[in-house]
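Trainee: Per the numbering used here, the very first residue in the sequence shown carries number 98; after that it's consecutive. Where is the CB? At the ideal position from N, CA and C, for every residue including glycine.
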Amino acid sequence: MNNSDKKISCIILAGGKGKRVGGVDKGLLVYRNKPLIEHTINAVTPQVDDIIISANRNIDRYKNYAKKVISDESEDYLGPLAGIDAALSHCVHDLVLIVAC
Numbered sequence: 098m099n100n101s102d103k104k105i106s107c108i109i110l111a112g113g114k115g116k117r118v119g120g121v122d123k124g125l126l127v128y129r130n131k132p133l134i135e136h137t138i139n140a141v142t143p144q145v146d147d148i149i150i151s152a153n154r155n156i157d158r159y160k161n162y163a164k165k166v167i168s169d170e171s172e173d174y175l176g177p178l179a180g181i182d183a184a185l186s187h188c189v190h191d192l193v194l195i196v197a198c
């Protein structure tokens, strides 16, 4: 697939409280010398040409990985559906791949 064939947006869900990992932002956890968000972006990039990261913390750090970093509208953590809802309006394509980080 060449770049002109890619007409898919990707929402990467990187929000949440990280309760199961001691409160650390999971997307920024390092695995094999790279943060998980970087592994995720590397995995989806061959299939998509529009990447949106949905995150509620560490926004400036996530901006190093994608041009569009979107937070939920709510101050509360409403879960992954709130992240999807917030990010959908920023997708440039009708087809959207949604992945968790």
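#1: Hey, is the stretch 127-144 in contact with the stretch 173-185, meaning 3+ C-beta pairs nearer than 8 Å?
#2: Note down, one range per segment and in chain order, each alpha helix (DSSP H) of at least 4 residues found wholly within the stretch 118-169.
#3: Looking at the strands, I want to know which residues DSSP matches up with I108.
#4: So which of I156, L185 and D147 has the shortest CA-CA distance to S106?
#5: Do the stretch 185-195 and the stretch 143-160 meet, that is, are 3 or more Cβ pairs less than 8 Å apart?
#6: Count the other C-beta atoms from every protein chain shown that fall within 10 angstroms of the C-beta of I156, then say buried if there are 16 or more, exposed otherwise.
#7: Cβ atoms of A184 and I149: under 9 Å apart, would you say?
#8: According to the neighbour-count rule (16 or more other Cβ atoms, all chains shown, within 10 Å of its Cβ), is S151 buried or exposed?
Mentor: Looking at the coordinates:
#1: no
#2: 133-141 and 156-159
#3: According to DSSP, I108 bridges with I149 and I195.
#4: D147
#5: yes
#6: exposed
#7: yes
#8: buried
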